[in-house]
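Below: the structure, in structure tokens.
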DNA sequence: CATTTAAGATTACATGTATCATCTAAATTA
DNA sequence: TAATTTAGATGATACATGTAATCTTAAATG
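Residue numbers (the numbering used here), protein chains in the order written: chain A, -18 to 176; chain B, -18 to 176.
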């Protein structure tokens, strides 16, 4: 069947990336094989190494692809006022039953963070970069680097992990509700820069 | 070499459990093979099925073993005043560089939570049970079921995950410090039961 | 139109996997 | 002490894994 045009190769490449980004989040990185990814992308595993150097390469690239996917909308917002508005919506979506039940399309850090932390090399690096990016988005207007964005990120990630760990929707809801309350406290009471 | 006395079998059993509890936390559940565990326990893989029905069985049992190990000290404290005191120490240890760097002996939920959430059956169940247990310990004196314990657990888990994801001790420290501040806010400002 | 190129399929490889049947020697028990 | 039991070792199974060489065919190039 090969060979295909440059444009079609790009499309294949993106299909692999999309499939990997979804499967890695849904089943985990270790639990997903290169063959699984290629099958989900509608190909056989043979062609894989025309697109990526190794599975490790795919992990880093697909993870970053997922981060872009989830985060770039909000980054386009230029004014800090516009962001503040969007941030509330983003947080509400993040702490929703829908997000808890759809890890496939959800926060890549929540789904793969633990696994990336255990890695060394490129996958670990992009994980750390993603953290910077997302914490910056969660940072409330005024002071950057106060740690409030980091705390918010930790709380969000922790909360969906708990919600996904529960055994009923009611319990998941209790976790999500607790997360919402806690995020509110961080926003309302985080100490001002003393300087 | 076999056969060994009943007492020695128990000791073997515990060695397997300890090894599994450590390796699962350090490398992850999927990334750890039954053979790895048995080798770390000083045995060959053949004897494994005299002790456990399956790897899934081991996962659930070893996870619970780790939870007991980490949590049972604090549960022995009877009075809620005694617990309150201990809780602060527990939280300080949890949000420490030492804990971030030693997942092997650290919080089982932080290390395996995401993976357990993806499981079905016994491993998922014990994960949910562990959450109940730990959230109860983090619950501040007064009102149970307010969700404050859940939020605290989410924050703690999220924070070490972030600390482990960073690429330098300084960044890890920033995450841990943010977590400490946030925990304080939860304790100080969590809304009283309206009733 | 002929030649070259390369995307993806096919196949192969060596290794790792969970599981289990069988073997062994020592502890139990009769 | 003799017979029985069984913990753990050995080895085999059947399959999944990451990687790579090779083949096929259509696109790109001349």
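For glycine and all other residues, C-beta sits at the position ideal for the given N, C-alpha and C.
Please read all numbers here as calculations on a predicted model, not as lab measurements.
Kindly give me the distance between the Cβ atoms of residue i and residue j, rounded to whole angstroms, as I take these residues to be in contact under 8 Å.
i: residue 108 of chain B; j: residue 136 of chain B; result: No, residue 108 of chain B and residue 136 of chain B are not in contact; Cβ-Cβ is about 18 Å, not under 8 Å.
i: residue 2 of chain A; j: residue 46 of chain A; result: 5 Å
i: residue 0 of chain A; j: residue 16 of chain A; result: No, residue 0 of chain A and residue 16 of chain A are not in contact; Cβ-Cβ is about 11 Å, not under 8 Å.
i: residue 179 of chain A; j: residue 131 of chain B; result: No statement about residue 179 of chain A is possible, as the shown extent of chain A runs from -18 to 176 and does not include it.
i: residue 115 of chain A; j: residue 134 of chain A; result: 6 Å
i: residue 118 of chain B; j: residue 56 of chain B; result: 7 Å
Residue i CB to nearest chain B CB: under 9 Å?
i: residue 84 of chain A; result: yes
i: residue 68 of chain A; result: no
i: residue 139 of chain A; result: yes
i: residue 134 of chain A; result: yes
i: residue 128 of chain A; result: yes
i: residue 52 of chain A; result: no
i: residue 105 of chain A; result: yes
i: residue 92 of chain A; result: yes
i: residue 99 of chain A; result: yes
Compare the C-alpha of residue i against each of the options and name the closest.
i: residue 18 of chain B; options: B/-2, B/37, B/155 and B/110; result: B/-2
i: residue 89 of chain A; options: B/91, B/95 and B/-14; result: B/95
i: residue 36 of chain B; options: B/13, B/54, B/51 and B/24; result: B/13
i: residue 173 of chain A; options: A/54, A/125, A/86 and A/72; result: A/125
i: residue 78 of chain B; options: B/103, B/-9 and B/140; result: B/140
i: residue 8 of chain A; options: B/116, B/142 and B/97; result: B/97
i: residue 10 of chain B; options: B/41, B/63 and B/170; result: B/41
i: residue 99 of chain A; options: B/145, B/73, B/113 and B/52; result: B/145
i: residue 68 of chain B; options: B/120, B/48 and B/157; result: B/120
i: residue 153 of chain B; options: A/72, A/6, A/112 and A/-14; result: A/112
i: residue 102 of chain A; options: B/147, B/24, B/70 and B/6; result: B/147
i: residue 50 of chain B; options: B/91, B/163, B/-12 and B/87; result: B/87
i: residue 52 of chain B; options: B/72, B/82 and B/105; result: B/72
i: residue 82 of chain B; options: B/-13, B/39 and B/6; result: B/6
i: residue 39 of chain A; options: A/104, A/151 and A/-8; result: A/104
i: residue 80 of chain B; options: B/106, B/-13 and B/150; result: B/150
i: residue 70 of chain B; options: B/84, B/85 and B/54; result: B/54
Between residue i and chain A, is the shortest Cβ-Cβ distance under 9 Å, so that the two count as touching?
i: residue 96 of chain B; result: yes
i: residue 176 of chain B; result: Here the model assigns residue 176 of chain B a pLDDT of 49, short of 50, so the residue's position is not dependable, and the following value carries that caveat. Residue 176 of chain B does not count as touching chain A.
i: residue -6 of chain B; result: no
i: residue 43 of chain B; result: no
i: residue 131 of chain B; result: yes
i: residue 57 of chain B; result: no
Residues in the same chain with beta-carbon distance under 7 Å from residue i, minus the five sequence neighbours each way, listed in chain order, please.
i: residue 4 of chain A; result: 13, 17, 18 and 21
i: residue 122 of chain A; result: 61 and 65
i: residue 176 of chain A; result: Residue placement at residue 176 of chain A is poorly supported in this model, since its pLDDT is 49, which falls under 50; the coordinates still yield a value, given next. Result list for residue 176 of chain A: empty, nothing under 7 Å.
i: residue 163 of chain A; result: 136
i: residue 129 of chain A; result: 120, 121, 167 and 171
i: residue 25 of chain A; result: 19
Please return the same chain residues whose Cβ sits closer than 6 Å to the Cβ of residue i, not counting the five positions on each side in sequence.
i: residue 75 of chain A; result: 137
i: residue -4 of chain A; result: 22
i: residue 157 of chain A; result: 76 and 144
i: residue 48 of chain B; result: 89 and 111
I'd like to confirm something about residue i: is its beta-carbon nearer than 8 Å to some heavy atom of the ligand SAH, or not?
i: residue -10 of chain A; result: Among the components modelled here there is no ligand, and therefore nothing to report on the ligand SAH.
Can you list, in chain order, the residues of its chain whose CB lies under 8 Å from that of residue i, leaving out five sequence neighbours each side?
i: residue 106 of chain B; result: 41
Chain A contacts from the stretch 141 to 172 of chain B (Cβ-Cβ distance under 8 Å): 142, 143, 145, 146, 147, 148, 152, 155, 156, 158, 159, 160, 162, 163, 166, 167, 169, 170, 171 and 172
Beta carbons nearer than 9 Å to chain B: which residues of the stretch 1 to 17 of chain A have them? 7, 8, 9, 10, 11 and 12
For the stretch 15 to 41 of chain B, list every residue whose C-beta sits within 9 Å of some C-beta in chain A, in sequence order. none
Compile a chain-ordered list of the residues in the stretch 107 to 119 of chain A whose CB is closer than 7 Å to at least one CB of chain B. 108, 109 and 112
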